[in-house]
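Asker: Below is the structure I would like to discuss, written out as structure tokens.
There are 2 protein chains.
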Amino acid sequence: MSKTLTTRQEDYSQWYNDIVLKGGLADYSPVKGCMVIKPHGYALWEHMRDELDRQFKATGHQNAYFPLFIPKSFLSKEAAHVEGFAKECAVVTHYRLKNDPNGGGVIVDPDAKLEEELIVRPTSETIIWNTYKDWIQSYRDLPLLINQWANVVRWEMRTRLFLRTTEFLWQEGHTAHATKQEAIDETTKMLDVYAAFAEDYMALPVIKGVKTANERFAGAEDTYCIEAMMQDGKALQAGTSHFLGQNFAKAFDVQFRDKENKQDYVWATSWGVSTRLIGALVMAHSDDEGLVLPPKLAPLQVVIVPIYNKDAATTAKIDGIAADLMATLRKQNVRVKYDNDDNTRPGWKFAEYELKGVPVRIVLGARDIENNLVEVARRDTKEKTSIQLDTLADHTMHLLTDIQSNMFNKALKFREDNMHTVDTWEEFIKTLDEKSGFISAHWDGTSETEDKIKELSKATIRCIPLNNALEEGKCILTGNPSTQRVIFARAY
Amino acid sequence: MSKTLTTRQEDYSQWYNDIVLKGGLADYSPVKGCMVIKPHGYALWEHMRDELDRQFKATGHQNAYFPLFIPKSFLSKEAAHVEGFAKECAVVTHYRLKNDPNGGGVIVDPDAKLEEELIVRPTSETIIWNTYKDWIQSYRDLPLLINQWANVVRWEMRTRLFLRTTEFLWQEGHTAHATKQEAIDETTKMLDVYAAFAEDYMALPVIKGVKTANERFAGAEDTYCIEAMMQDGKALQAGTSHFLGQNFAKAFDVQFRDKENKQDYVWATSWGVSTRLIGALVMAHSDDEGLVLPPKLAPLQVVIVPIYNKDAATTAKIDGIAADLMATLRKQNVRVKYDNDDNTRPGWKFAEYELKGVPVRIVLGARDIENNLVEVARRDTKEKTSIQLDTLADHTMHLLTDIQSNMFNKALKFREDNMHTVDTWEEFIKTLDEKSGFISAHWDGTSETEDKIKELSKATIRCIPLNNALEEGKCILTGNPSTQRVIFARAY
Ligand SMILES: [Zn+2]
Ligand SMILES: [Zn+2]
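Protein chains in written order, with our numbering: chain A, 1 to 492; chain B, 1 to 492.
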């Protein structure tokens, strides 16, 4: 297979697929809408997961694991939830196969029909709140701060690798609290954890906001989100945190005795991010040569490639320099590899590590080494520098820091350049079509108007930014009065 | 709920359930045969997973992720495999629910029937080898060394928490090799990884062996295993590693070009351990007061409990000592907690941490502290010692090491005491009934005899130990000649 990628200019969508497939992140599978996460993609996910997990634990959460299957009747217990989730999902109806009496392999055994069908979890609120009923009796059992790392399934008709797949990996936090305010505080605290992770680790600037009623999670009283801008100007929701009120506690009858010995329903939150974040990473930073990965998450941060001559002494010298450098970098927890495989040429290696998004490439060339020089290339800007051997390790360390912040700043500048403030419908449509990006505009606050705008423009309200400045204005569609601007965009 | 446990003497099986439920490891779920892994149980699994993962990576493996669902037809492709796995499994037949027109919640939408049913993976050989076909063309693509951490589902009729559940968590390694010998070497290498993990981390002595044809994995040419003895003398298979020959390569047509440009089928292995290991840990080490966890895997290794008097200066002094000790221990990566919650009394805390299996308990008592003394209790032997304050940190560190090796030695002695060598059928049955434990005996090597022994005694051949001494003898059942002893036991 050729490693040449479609360019973003030619076909942004195909460019994305090319990167994911040829960059070794994922592959299609024989199961409709499901993907195979390949080693390079999975390693990226491991680094994301480990850091998020560290932050969840640092904020007092514990992990647990709940069943994959949800009894069908559970989905109906929370009225809004069933509307949102009980539709496109995988249904287990039987528990046995048998040999086909006509000899055609195996068939479903009609005698092994389940009394009640099981749904493969699309999200776990129902089964978890059913369990919390047994775990919560008193205020002493609260707060209950639990997270689960799991696979979930939502039967999607149109799928995209990482961005929208039938099965995906995610984490889902599910917490229970004694008071409304404590639950709201938890919701926004976890939104802050997500935002900080996106910005500090993924180098991805995000807008924190709250969803309109239309876009709320099914069963939530408020859905908070972080929204990021991709290189084509579209929005990608990178994480959500839901304040669930007492909806699930009431649906599953989860009450607790407070300090005054009064019974009350428990307050709830849930929050999640998924392997979709890998799609966001790719779309936000990569270029026509391949992946560009932020050093903090890159599975491999530094690759060292030798260019030998025919002289054994020089070869030994190069190998020695590489060994020393690796030891020094590893002491500082840098993920580094020395690729001296002589089945492939340096040029092939350069292209391969560019495609895979390795942040720093160090070339130990026989001729340079004689002059104590080394070539260091950074993946983000493709800049190459000749470095004195004695400053190499130091330079590499601060280059990793530079790349991380440069990637964030570049993405931030891109977002600022593509953030448009408009005041009329005509301008709104023209901006969407000609400029792409996010639009800050007035909206009259009704679901009807929101729906109409979506229908006419394919743009949706991504969020009402938190700490939004109040400002009097007129709705771009209806001209009705508005008190604040909201963010519109076309979205993934 | 009372925290008092059934004793092992009273009812070993109930004792096990009590420990798992009251020790906070797992809970039953509303889905038949599926369990909820509670935070304490999941933390234990995380420590096991992280260490195994480190060892898999150290031996050159990478993680990846394959779909949860397997098209039904895939299971039929490998003849032996379908016999073993295509029977009791969860079958997805539909992908949508709809509102019940009669108002009773949601029902399965009959229009949303899948053309081909999907099986929730009971193991992933088939979907993985279907994928490997695309990934392997040449000897340069080999070896392919991949592991997956995942949930799997096998529809079990009789379930036990951790030991046998419909859904469980596990890892499954799936490797592809150019030669038969390399695949066999991989199979035994991973068996060694499992055995070392069981012994060094779980403090669980294991016998490495190979399964008889009857007990082989469905589709394997050889199944290697590690077998451990529980406190009731029964065997528990703690891990398996399979040499799959070219069976899956032929079933999924995975061929490669070798260095001489000839085509050949690829050689395969697979190997796995699961959350069943948590059941093994409990059954091997715990006592009538609760869990006894090996320090290397215990989520909490040391707990510090203060016993204050009414004097503020003494309270401050105790808190200060605890803070210093925690800082010192944490620098050495000890997982330590200071429990100075004054809603519960020290006696309650002691029982709780005993139940949870915390290896070391340090009591900072107001009166002792005046004499610079501290009480240190070890969970495994329940021994309490008065320690000079200035040697406390050092003592704690080597106590953790002592407990780890003491637990292993105790389990090893128990196994040796319950390993019986018998030569006649009468002795065999008598030993099984009166003594319990493992039996080393001669067997004539046929499946028929093995089946007959199982039928008559409920004991199975656990394995033919690796590096078994050859010894002439007569089969305990048939009297036919035998060349080596094998290990019989009743098993979980
Ligand atoms: Zn520099
Ligand atoms: Zn000592």
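By construction, the Cβ of each residue, glycine as well, lies at the ideal position given by its N, Cα and C atoms.
1. Pull up the distance between the alpha-carbon of L118 (chain B) and that of Y95 (chain A), whole angstroms please.
2. So that I know if they touch, is there some Cβ in chain B lying closer than 8 Å to that of E117 (chain A)?
3. Do V153 (chain B) and P122 (chain B) come within 8 Å of each other at the CB atom, strictly closer than that value?
4. Answer yes or no: does any C-beta atom of chain B fall closer than 8 Å to that of V332 (chain A)?
5. Roughly how many whole angstroms lie between the Cα atoms of P143 (chain A) and T59 (chain A)?
6. Taking Cβ positions only, does V36 (chain A) come closer than 8 Å to chain B?
7. By Cβ distance, which residues of its chain are closer than 7 Å to A80 (chain B), with the 5 residues on each side in sequence left out?
8. When we look at the beta-carbon of Q137 (chain B) and count the other beta-carbons within 10 Å, is it buried (16 or more) or exposed?
9. Please classify H285 (chain A): does DSSP put it in a helix, a strand, or coil?
10. Does the beta-carbon distance from F248 (chain B) to W170 (chain B) come in below 8 Å?
11. Counting only C-beta atoms, is D444 (chain A) closer than 8 Å to chain B at any point?
12. For the beta strand (DSSP E) containing W15 (chain A), name the first residue and the last one.
13. From the beta carbon of Q62 (chain A), is the nearest beta carbon of chain B less than 8 Å away?
14. Return the residues of the stretch 138-154 of chain A that lie within a Cβ-Cβ distance of less than 8 Å from chain E, sorted by chain order.
15. What does DSSP give as the partner residues of M229 (chain B) in its beta bridges?
16. When you check each C-beta in the stretch 21-36 of chain A against every C-beta of chain B, which residues fall closer than 8 Å?
17. Does any C-beta atom of chain A lie closer than 8 Å to the C-beta of M1 (chain B)?
18. Mapping the DSSP letters down to three states, classify E115 (chain A) as helix, strand or coil.
19. I'd like to know whether the C-beta atoms of V376 (chain B) and H395 (chain B) end up nearer to each other than 8 Å.
20. With distances taken from CA atoms, which of A:F66, A:D311, A:R140 is nearest N124 (chain A)?
21. Could you tell me whether any Cβ in chain A is nearer than 8 Å to the Cβ of Y131 (chain B)?
22. Are the C-beta of A313 (chain A) and some C-beta of chain B separated by less than 8 Å?
23. Can you give me the Cβ contacts of K493 (chain A) inside the same chain, cut-off strictly under 7 Å, excluding the 5 residues immediately before and after it?
24. Taking C-beta pairs closer than 8 Å, name the residues in chain B that R96 (chain A) reaches, listed in chain order.
25. What residues of chain A sit near G105 (chain B), judged by a beta carbon separation below 7 Å?
26. Once you ignore the five residues that flank L21 (chain B) on each side, which residues in its own chain have a CB closer than 7 Å to its CB?
27. Please return the same chain residues whose Cβ sits closer than 6 Å to the Cβ of H47 (chain A), not counting the five positions on each side in sequence.
28. Between L297 (chain B) and chain A, is there a C-beta pair that is closer than 8 Å?
29. For A213 (chain B) and I19 (chain A), what's the separation of their Cα atoms in angstroms?
30. Using only alpha-carbon positions, find the residue among B:N147, B:T449, B:Q237, B:T269 that is nearest to T188 (chain B).
31. In the DSSP assignment, find the beta strand (DSSP E) that holds E375 (chain A) and state where it starts and stops.
32. In the structure shown, what three-state DSSP assignment does F168 (chain B) receive?
33. Under 9 Å Cβ-Cβ, which residues of chain A neighbour P551 (chain B)?
34. Using a 10 Å radius around the Cβ and a threshold of 16 neighbouring Cβ atoms, would you call S76 (chain B) buried or exposed?
35. For T188 (chain B), report the span of its beta strand (DSSP E) as first-last.
36. For V254 (chain A) and chain B, any beta-carbon pair shorter than 8 Å?
Answerer: With the given structure in hand:
1. 12 Å
2. Interface with chain B (8 Å Cβ-Cβ cutoff): E117 (chain A) is included.
3. yes
4. According to the sequence shown, residue 332 (chain A) is Gln rather than Val. For Q332 (chain A), the answer is no, since every Cβ of chain B falls outside 8 Å of its Cβ.
5. 12 Å
6. Taking a beta-carbon distance threshold of 8 Å, V36 (chain A) counts as an interface residue toward chain B.
7. A218, G219
8. exposed
9. helix
10. Contact: no.
11. no
12. Careful: W15 (chain A) lies outside any beta strand (DSSP E), inside the alpha helix (DSSP H) at 12-22.
13. yes
14. In the structure shown, chain E cannot be found, because the protein chains are A and B.
15. B:A235
16. D27, S29, P30, V31, C34, M35, V36
17. Summary for M1 (chain B): the model assigns pLDDT 41, below 50, so the residue's position carries little reliability; its value from the coordinates is reported in the next sentence. No, because no Cβ of chain A sits closer than 8 Å to the Cβ of M1 (chain B).
18. strand
19. yes
20. Note on residue identity: the sequence assigns Ser, not Asn, to residue 124 (chain A). Measuring from the Cα of S124 (chain A), the nearest candidate turns out to be A:F66.
21. Reading off the sequence, residue 131 (chain B) comes out as Thr, not Tyr. Cβ-Cβ to chain A under 8 Å: yes for T131 (chain B).
22. no
23. Any property of residue 493 (chain A) remains undetermined from this structure, which presents chain A solely from 1 to 492.
24. K87, E88, C89, V91, W155
25. S73, S76
26. D27
27. L297
28. no
29. Whole-angstrom Cα-Cα distance: 46 Å.
30. B:T269
31. 373-378
32. strand
33. This structure leaves residue 551 (chain B) out entirely; chain B is present only between 1 and 492.
34. That one is buried.
35. Careful: T188 (chain B) lies outside any beta strand (DSSP E), inside the alpha helix (DSSP H) at 180-200.
36. No, V254 (chain A) lies away from the interface with chain B (no Cβ there is under 8 Å from its Cβ).
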